[in-house]
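Here the protein sequences line up with chains Z and L, keeping their order.
Positions 6 to 313 (this note's numbering) are the ones given, in order, by the first sequence.
Positions 328 to 676 (this note's numbering) are the ones given, in order, by the second sequence.
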Amino acid sequence: MNQAELVLFLEASVRLGVPLALAALGETISERCGVINIGLEGSIIAGALGGALGALAFENAVLGVGVGAVAGLLCALVFAVVAVGLGADQIITGTAVTLGGLGMTGAIYRARFGATGTELSLPTLAGVRIPGLAEIPLVGTALFDQAATAYLAYLLAPALWFFLFRTPYGLELRAVGESPDAAEAAGVRVVRVRFLATLFGGLLAGVAGAHLALAHTGTFAENMSAGRGFIAIAVVVLGRWNPALVLAAALFFGAASAFQFFLQALGFEVAYQIFLALPYLLTLAALAGWVGRARAPAALALPWESKR
Amino acid sequence: MQWSIAKAFPGTVLCLAVVLSACAGDGSDPAEDTLQAALLTSGPVSDAGWYAGAYEGLLLIEDSLGAQVSHQQTATPAEFDEAFLAYGSSGYDLIFAHGFEYQDAAIRAGSRFPDATIVVSGGGRVADNVVPLIFRLEEGSYLAGMAAGTLTQAGIVGMVGGVAIPPARGTFVAFEAGVRAVNPDIEVLETFTGDWNDVSAAKEAAVAQLSRGADVIIHNLDAASFGVFQAVREAVADGRRVRAIGMNSDQNDVAPDVIIGSAVIYIPQAFLETARRWEAGNVGGEPIYASIREGVIDFVFNPELLGELPEGLVQEIADARDQIRSGELEVPRVRFVEGDDDPPSGGSE
Chain Z
6 MNQAELVLFL EASVRLGVPL ALAALGETIS ERCGVINIGL EGSIIAGALG GALGALAFEN
66 AVLGVGVGAV AGLLCALVFA VVAVGLGADQ IITGTAVTLG GLGMTGAIYR ARFGATGTEL
126 SLPTLAGVRI PGLAEIPLVG TALFDQAATA YLAYLLAPAL WFFLFRTPYG LELRAVGESP
186 DAAEAAGVRV VRVRFLATLF GGLLAGVAGA HLALAHTGTF AENMSAGRGF IAIAVVVLGR
246 WNPALVLAAA LFFGAASAFQ FFLQALGFEV AYQIFLALPY LLTLAALAGW VGRARAPAAL
306 ALPWESKR
Chain L
328 MQWSIAKAFP GTVLCLAVVL SACAGDGSDP AEDTLQAALL TSGPVSDAGW YAGAYEGLLL
388 IEDSLGAQVS HQQTATPAEF DEAFLAYGSS GYDLIFAHGF EYQDAAIRAG SRFPDATIVV
448 SGGGRVADNV VPLIFRLEEG SYLAGMAAGT LTQAGIVGMV GGVAIPPARG TFVAFEAGVR
508 AVNPDIEVLE TFTGDWNDVS AAKEAAVAQL SRGADVIIHN LDAASFGVFQ AVREAVADGR
568 RVRAIGMNSD QNDVAPDVII GSAVIYIPQA FLETARRWEA GNVGGEPIYA SIREGVIDFV
628 FNPELLGELP EGLVQEIADA RDQIRSGELE VPRVRFVEGD DDPPSGGSE
């Protein structure tokens, strides 16, 4: 790879990493208070279709992202009512939300655009070039000539870190994830915290989906989320439930995906499945060494009922 | 990135619908005289391509032959068996399983439901009542390769695929042969993304090939093909002279500004013809081939971009098509069908 190709590779890495980062940052917040939402995939695909329909209806990509965010939030609302409100098993509920999201978006898409589909040409989020920063050699355009949703991810990472570790609300949220009983005894409204955190996660997953449709591909296709919700959950683990590291882990995963496409385009005569497995192998390797000391929130995935 | 369990939901709903409709039919017993035809796909039929064509074929059979039809979308191999079970036990006569991935489940179902006939698109295994429907799409893909080889100015062309199953590899082997027939020095890039519907991955794969200098890109994808077209569109917007080629269905109107032509299977016609043959009692024990000769495979130029083609190209493609039809020109193939043991021709494998 020469320098020009390296720049293109880095740009692709960020494009592939941003939707993972958005979804994973939201999931970080919900997992920090003990809710593992594997319905994330459902929120992402809902966000993609919501974004597409919104952008078509308003002829405006920014409003489309807003509609996508709301669609992702609605999916998470279903999850929150059942898993947090009624205390049902989080894994089973999340699976149902994901399957429901994929099925519903397919049904809505076919009802709206015909059973055999069509390539939608959607209004897209224009790239925003940050003057000065985009001139940095090598990484400038990759990081600072992207759609607005990328900057949202960059800004959210430190903001959420500050919220979690430097504010009383963040402390309460983490307490709910470690020991909900103790948190309740200290006066924290556990269910409300978990509800809001889950909705926030759904909102960001919706933005991630809208990014896929409106910033990355300019179209919608059924199942286009292609497992990113589950990868985002792996990214949270890789990032040790720390928003700043989660952003880095998402970009790392994006880079690993981009790398495989560049290797194949370079014509390496190796089975392509090895390239496809590469990001996962790297994650496993990183998990084994780098995340050795990381510990999940103690109450993660445990249903909780008020003892009062 | 394949979490195919996630695709289960639509299948489950349709599966229920099948069971319900089978119950509703108990009184009138439609199996007596009405053809009951079913379609299984492992992806959404809204891909404006491979699966969409099959769904249109099913509807064509309904319209033309008055058949009672049903469609089900399956995901995991475990669901393949469930789906065959649902249709087999409901008395469906003709089951189209639209993909190579169904071949093993089809053999199992075939022995369990001897009264049903199962047609596996691109399948490789044969039984008395299980027949592969082999689309010689490589013939259309070869013509597409000739067009790409003529059109490329950079001397680099690209291919983006989903999963490297034999029918998909076959189209790429033939495409490459078509390119090389024009100019053996042209470089041909090949990328598989591992997912037929991941639009983002397909787009990045195409972007990577474009950045290597490719200026004509063909795909063998389902809905993810939209990502390839989008990447080509953006390169055009950046001032590059690049084009895409469609595959499976006539996709020329999917992105008429950048698709120079499509290697097509007229899937609906092939399905209808198969159903007619079944009614005449002529389906069973051997593969059904659908090729340029039967008028089921072709390469069609996009009428909107005809003006930019070099002089003589349309005629060259037409001549090659005639040569393939007459058997004078043999297109290299990837062989995967039981009993398909013609002497291997140069270039395949």
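Cβ coordinates follow ideal geometry from the N, Cα and C atoms, glycine included.
For this session: Inspect the CB distances between the region 188-203 of chain Z and the region 522-532 of chain L and report whether three or more fall short of 8 Å.
Result: no
For this session: Determine, using beta carbons only, whether residue 473(L) and residue 644(L) come nearer to each other than 8 Å.
Result: The residue you call residue 473(L) lines up with position 146 of the second sequence. The residue you call residue 644(L) lines up with position 317 of the second sequence. Contact flag set, yes.
Problem set entry | Test: residue 156(Z) CB closer than 8 Å to a CB of chain L | Start at 1 with the first residue of the first sequence, and residue 156(Z) comes out as number 151. No, no contact with chain L.
Problem set entry | For residue 124(Z) and residue 556(L), believed in contact at Cβ under 8 Å, the rounded distance | Here residue 556(L) corresponds to residue number 229 of the second sequence, with the count starting at 1. Here residue 124(Z) corresponds to residue number 119 of the first sequence, with the count starting at 1. Right, the Cβ-Cβ distance comes to about 7 Å (below 8 Å), so this counts as a contact.
For this session: Compare the C-beta of residue 305(Z) against all C-beta atoms of chain L and say whether one is closer than 8 Å.
Result: Mapped onto the first sequence, residue 305(Z) falls at position 300. It does not; no Cβ of chain L falls within 8 Å.
Exercise. Once you ignore the five residues that flank residue 554(L) on each side, which residues in its own chain have a CB closer than 6 Å to its CB?
Worked result: As a position in the second sequence, residue 554(L) is number 227, starting the count at 1. Contacts found: 526, 529 and 530.
Problem set entry | residue 385(Z) - DSSP class collapsed to helix/strand/coil | Chain Z is shown from 6 up to 313; residue 385(Z) falls before or after that span and cannot be answered.
Exercise. Along chain L, which residues have their Cβ under 9 Å away from the Cβ of residue 21(Z)?
Worked result: Looking up residue 21(Z) in the first sequence gives position 16. The contacting residues are 527, 528 and 531.
Problem set entry | Within chain Z, the residues that residue 494(L) reaches when beta carbons sit closer than 8 Å | For this step, residue 494(L) is matched to residue 167 along the second sequence. Result: empty, since nearest Cβ-Cβ is about 16 Å, beyond 8 Å.
Exercise. When the distance is taken between beta carbons, is residue 547(L) closer than 8 Å to residue 499(L)?
Worked result: Here residue 499(L) refers to the residue found at position 172 of the second sequence. Here residue 547(L) refers to the residue found at position 220 of the second sequence. Against a cut-off of 8 Å, the Cβ pair of residue 547(L) and residue 499(L) comes out as a contact.
Exercise. At what residues does the beta strand (DSSP E) containing residue 229(Z) begin and finish?
Worked result: Numbered from 1 along the first sequence, position 224 holds the residue referred to as residue 229(Z). Premise fails: residue 229(Z) is in no beta strand (DSSP E) and is neither H nor E.
Exercise. Identify the residues that DSSP records as bridge partners of residue 570(L): which are they?
Worked result: Taking the first residue of the second sequence as position 1, residue 570(L) is located at position 243. DSSP, once it has assigned bridges, lists 543(L) as partnering residue 570(L).
For this session: Identify whether residue 646(L) lies in helix, strand or coil by the three-state DSSP scheme.
Result: Translated into positions along the second sequence, residue 646(L) becomes position 319. If DSSP states are grouped into helix, strand and coil, residue 646(L) belongs with the helices.
Exercise. By Cβ distance below 7 Å, which residues in the same chain neighbour residue 65(Z) in space, the five residues on each side in sequence not counted?
Worked result: Here residue 65(Z) corresponds to residue number 60 of the first sequence, with the count starting at 1. The residues are 128.
For this session: Pull up the distance between the alpha-carbon of residue 149(Z) and that of residue 397(L), whole angstroms please.
Result: As a working mapping, residue 149(Z) is identified with position 144 in the first sequence. As a working mapping, residue 397(L) is identified with position 70 in the second sequence. Rounded to whole angstroms, residue 149(Z) to residue 397(L) spans 50 Å at the Cα level.
For this session: Sort 23(Z), 273(Z) and 52(Z) by Cα distance to residue 517(L) and report the nearest one.
Result: Residue 517(L) sits at position 190 when you count from the first residue of the second sequence. Per the Cα distances, 273(Z).
Problem set entry | contact_flag[the region 361-380 of chain L, the region 421-436 of chain L] where n(CB pairs < 8 Å) is 3 or more | yes
Problem set entry | Interface residues of the region 454-475 of chain L facing chain Z [CB-CB below 9 Å] | none
Exercise. Where residue 406(L) and residue 433(L) are concerned, what is the direct C-alpha to C-alpha distance, given to the nearest angstrom?
Worked result: Here residue 406(L) refers to the residue found at position 79 of the second sequence. Here residue 433(L) refers to the residue found at position 106 of the second sequence. If I take the Cα positions, the gap works out to 12 Å.
Exercise. Mind pulling the alpha helix (DSSP H) runs of 4 or more residues that sit fully within the region 429-503 of chain L?
Worked result: 430-439 and 464-478
Problem set entry | Selection from 18(Z), 158(Z), 193(Z) and 219(Z) that minimises the alpha carbon distance to residue 26(Z) | Residue mapping note: residue 26(Z) aligns to position 21 of the first sequence, counting from 1. Residue 26(Z) has its Cα closest to that of 158(Z), out of 18(Z), 158(Z), 193(Z) and 219(Z).
Exercise. How many angstroms separate the CA atom of residue 514(L) from the CA atom of residue 100(Z)?
Worked result: Within the second sequence, the letter at position 187 stands for residue 514(L). Within the first sequence, the letter at position 95 stands for residue 100(Z). In a straight line, the C-alpha of residue 514(L) is about 45 Å away from that of residue 100(Z).
Exercise. Can residue 54(Z) and residue 81(Z) be called in contact, C-beta distance under 8 Å?
Worked result: On the first sequence, residue 54(Z) is found 49 positions in, with the first residue counted as 1. On the first sequence, residue 81(Z) is found 76 positions in, with the first residue counted as 1. No, the Cβ-Cβ distance between residue 54(Z) and residue 81(Z) is not below 8 Å.
Exercise. Which of helix, strand or coil does DSSP assign to residue 518(L)?
Worked result: Translated into positions along the second sequence, residue 518(L) becomes position 191. Looking at residue 518(L) - three-state DSSP - the assignment turns out to be strand.
For this session: Can you grab the Cα-Cα spacing for the pair residue 376(L) / residue 173(Z), in whole Å?
Result: Taking the second sequence and counting its residues from 1, one reaches residue 376(L) at position 49. Taking the first sequence and counting its residues from 1, one reaches residue 173(Z) at position 168. Each residue's alpha carbon lies about 54 Å from the other.
Problem set entry | Spatial neighbours of residue 48(Z) in its chain, beta-carbon cut-off 6 Å, leaving aside the 5 residues before and after | In the first sequence, residue 48(Z) corresponds to position 43, counting from 1. These residues qualify, in order along the chain: 77, 80, 81, 207, 210 and 211.
For this session: Verify the CB distance criterion: does residue 375(L) have a CB-CB separation below 8 Å to chain Z?
Result: Translated into the one-based positions of the second sequence, residue 375(L) becomes position 48. Chain Z, which has a Cβ nearer than 8 Å to the Cβ of residue 375(L), makes this yes.
Exercise. Taking Cβ-Cβ distances shorter than 8 Å, what residues in chain L pair up with residue 222(Z)?
Worked result: Counting from 1 along the first sequence, the entry for residue 222(Z) is found at position 217. Per Cβ cutoff of 8 Å: 526, 527, 530, 553, 554 and 557.
Problem set entry | Alpha-carbon to alpha-carbon, residue 420(L) and residue 360(L) | The residue given as residue 360(L) occupies position 33 in the second sequence. The residue given as residue 420(L) occupies position 93 in the second sequence. Cα to Cα, residue 360(L) sits roughly 11 Å from residue 420(L).
Exercise. Are the CB atoms of residue 169(Z) and residue 178(Z) nearer to each other than 8 Å?
Worked result: Your numbering for residue 169(Z) matches position 164 in the first sequence. Your numbering for residue 178(Z) matches position 173 in the first sequence. Yes, Cβ-Cβ distance for residue 169(Z) and residue 178(Z) is below 8 Å.
Exercise. In chain order, which alpha helix (DSSP H) runs of at least 4 residues are fully inside the region 86-148 of chain Z?
Worked result: 95-118
Problem set entry | Exposure of residue 7(Z), with buried meaning 16 or more beta-carbon neighbours within 10 Å | Locating residue 7(Z) in the first sequence gives position 2, where the first residue counts as 1. Per the 10 Å Cβ criterion, exposed.
Exercise. Can you list, in chain order, the residues of its chain whose CB lies under 6 Å from that of residue 134(Z), leaving out five sequence neighbours each side?
Worked result: Stepping through the first sequence from its first residue, residue 134(Z) is reached at position 129. Excluding residues within five positions, the ones whose Cβ falls inside 6 Å are 150.
Exercise. Expressed to the nearest angstrom, what Euclidean distance is found between the alpha-carbon atoms of residue 588(L) and residue 582(L)?
Worked result: As a first step, residue 588(L) must be located in the second sequence, where it is residue number 261. As a first step, residue 582(L) must be located in the second sequence, where it is residue number 255. In a straight line, the C-alpha of residue 588(L) is about 10 Å away from that of residue 582(L).
For this session: Confirm, please, whether the CB-CB distance from residue 215(Z) to residue 12(Z) is below 8 Å.
Result: Position 7 of the first sequence, counted from the start, is the residue given in the question as residue 12(Z). Position 210 of the first sequence, counted from the start, is the residue given in the question as residue 215(Z). Cβ atoms of residue 12(Z) and residue 215(Z): not closer than 8 Å.
Exercise. Alpha helix (DSSP H) containing residue 391(L): first to last residue?
Worked result: As a working mapping, residue 391(L) is identified with position 64 in the second sequence. Residue 391(L) -> alpha helix (DSSP H) spans 377-392.
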